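Going by the working numbering, the letters in the sequence shown line up with residues 1365 to 1660, in that order.
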Amino acid sequence: MTTLDDRSSALPGCEEAAGASGAAIRFHYDLGASFYQLWLGSELTYSCAMFEEGDDLEAAQRRKIDYHARQSGAVGARSVLDVGCGWGSTMRRLVECHRVGRVTGLTLSRDQKSWIEARRPPRATALLEGWQQHEPGEPYDAILSIGAFEHFVRRELPRERKVASYRHFFTRCREWLRPGGAMSLQTIAYGTLRPEQISPFITTAVFPESDLPFLGEIVDAARGLLEITRIRNDRSDYARTCREWVRRLGAHREAAERIVGSARVADFERFLRMSAVAFERGGLLLLRITLRKGDD
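This is how it looks when you write it as structure tokens:
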């Protein structure tokens, strides 16, 4: 089992913060795009898909991005921010299919930023910085954040500190949005599981320095800043997504082991199976939340 401590010498700068450090983010995401492509697919979309009847994983991932584009008002927008842009699949679809004039993506993963830069998507820019450091030159028409919110706080924090950190994020989003602009947020959240029931394997070998929100914490953090206009719980979609990912990883196990080693592949298979069960049983939720700034 690999942990962040096992690789600390290669991961400098674990600064004290409410959320995951850059080192913790790189521990999980900087394993090489060739490894992730084996099971995520060529578009490298590493978040819950949105399935309808007849969809394969690729179609369901495109459907998910299109949903967030519509909910945030990004379709046809002049300027959009993607907080936690991954390898750029959302950014690419926004400019290629949704006529967005300019997309800025934020990531703490060096591999992800390099991947995006090497492909030079038109009208899209990836920045190696977190939302705390971001200072745009002008307001955005829309904001998307898909699968990054899970890294905004650490497990050891009390509820009050977690809510304060989330509120800081929503305050910044409000400042960045033009009047009447909207944000579409996707995050895993606690359902019937409690934080103390989460396996130490997940919190050390998979996602160190990260924790999930409760829905109530998100609501409390956004109160008075952004209006929540829609909430969906699509946990069954994430169970299906995880099942498909683990199937694909198993089908390419030999190639995956050549890239990251057999122990790391086993860790990912275990993580994906555990996650699928948690979503199926309601221990974890998959929230898609639309938030709107007032017209002030």
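Ideal placement from N, C-alpha and C gives every residue a C-beta, glycine not left out.
Computed from a predicted structure; not experimentally measured.
Quick one: residues in its chain with C-beta nearer than 7 Å to the C-beta of residue i, no 5 flanking neighbours on either side, listed in chain order?
i: F1659; result: First, the residue type needs correcting, since residue 1659 is Asp and not Phe in the sequence shown. Only P1543, G1544 meet the Cβ criterion.
i: D1369; result: Low confidence applies to D1369: its pLDDT is 49, below 50, so where it sits in the model is not reliable enough to give any reading.
i: V1459; result: V1467, P1485, P1486, R1487, A1488
i: Y1393; result: S1473, D1475, Q1476
i: W1540; result: L1445, P1500, P1503, Y1504, I1507
i: F1632; result: L1613
i: N1597; result: L1649, L1650, L1651
Under DSSP, the alpha helix (DSSP H) around residue i begins and ends at which residues?
i: R1457; result: 1453-1461
i: Y1400; result: 1397-1404
i: Y1554; result: It is not in any alpha helix (DSSP H) - Y1554 instead sits in the beta strand (DSSP E) that spans 1541-1554.
i: I1480; result: 1474-1483
i: D1430; result: 1421-1436
i: E1581; result: 1579-1586
i: R1390; result: 1386-1393
Using the DSSP secondary-structure output, state which residues sit across from residue i in a beta bridge.
i: L1445; result: T1468, I1507
i: I1595; result: I1653
Along the chain, where does the beta strand (DSSP E) containing residue i start, and where does it finish?
i: T1489; result: 1488-1492
Determine whether the Cβ of residue i lies closer than 8 Å to any Cβ atom of chain D.
i: G1437; result: In summary, chain D is missing from the structure at hand, where a single protein chain is found.
Residues in the same chain with beta-carbon distance under 6 Å from residue i, minus the five sequence neighbours each way, listed in chain order, please.
i: P1376; result: In this prediction, P1376 scores a pLDDT of 33, lower than 50, which makes its location untrustworthy; no coordinate-derived value is stated.
i: A1382; result: V1517, S1529
i: R1531; result: A1585
i: R1463; result: G1440
i: R1656; result: A1546, E1591, T1593
Using a Cβ-Cβ cut-off of 8 Å (strictly less than) and excluding sequence neighbours within five positions of residue i, which residues of its own chain qualify?
i: M1455; result: D1446, C1449, V1467, G1469, I1480, P1485, A1488, A1490
i: G1646; result: G1555, T1556, R1599
| task | Jot down the residue ranges of each uninterrupted alpha helix (DSSP H) in the region 1619-1654, minimum 4 residues, whole runs only, in chain order. | result | 1626-1645
| request: Would you check if there are 3 or more beta carbon pairs closer than 8 Å linking the region 1601-1616 to the region 1412-1420? | output: yes
| Is the region 1494-1501 in contact with the region 1430-1437, if contact means three or more CB pairs nearer than 8 Å? | no
| Just checking, does the region 1607-1623 make contact with the region 1394-1404 on the three C-beta pairs under 8 Å criterion? | yes
| the region 1513-1527 / the region 1574-1583 touching (three or more Cβ pairs under 8 Å) | yes
| query | Touch check for the region 1635-1642 and the region 1418-1432: three-plus C-beta pairs under 8 Å? | reply | no
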